Amino acid sequence: MTFIPRINQNVAPSLLYHFSQYRNRPYSGENVLETALYYERAAAQRYKNRAEAAHQKTLLTLNQERRANQQALQQAQQQSQQAQQQAQQAQQALQQAQLEIVDLQQERLAIKQALRHTESDNGELRAQLSWWGVFNC
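If you read the sequence shown in the working numbering, its first letter stands for residue 1378, the second for the next number, and so on.
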């Protein structure tokens, strides 16, 4: 019983081409097995290299996506901090405006009281002047 190596189907066409070149030449079974193993190993190495290249490409893509996500996150954090600072500034401006409103209301109240006091003083002066006969009220 002879051992027949199992040949990868993807390698078989290249083996046929290889063996067709030596069809008219004598060869031993060992040469056929060695050649088949050589081509099997070469095909396996090519598939391994392709898989490694695909893996490296995937890693590169993942790293690029990770960097892009980190940059987007940093930009979002910076924008969030800027928005918080603007909100704090707006809150401070609102508090300042409210304090100014309170100051203006107190000033208005003081002016009203001064006006009432002045009006009462004016009333007293008119009464005194009319008593003296200067004004005709």
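C-beta: ideal position from N, C-alpha, C; glycine also.
All values reported here derive from a predicted model rather than from experimental measurement.
Quick one: does residue i have its CB under 9 Å from some CB of chain B?
i, result
"L1486", "Annotation note: the requested chain B is absent from the structure, which comprises a single protein chain."
Using a 10 Å radius around the Cβ and a threshold of 16 neighbouring Cβ atoms, would you call residue i buried or exposed?
i, result
"A1445", "exposed"
"A1419", "exposed"
"A1467", "exposed"
For residue i, collect the residues of the same chain with a Cβ closer than 7 Å to its Cβ; drop the 5 residues on either side in sequence, then sort them by chain order.
i, result
"Q1433", "none"
Can you list the beta strand (DSSP E) stretches of 3 or more residues lying completely in the stretch 1406-1440, in chain order? none
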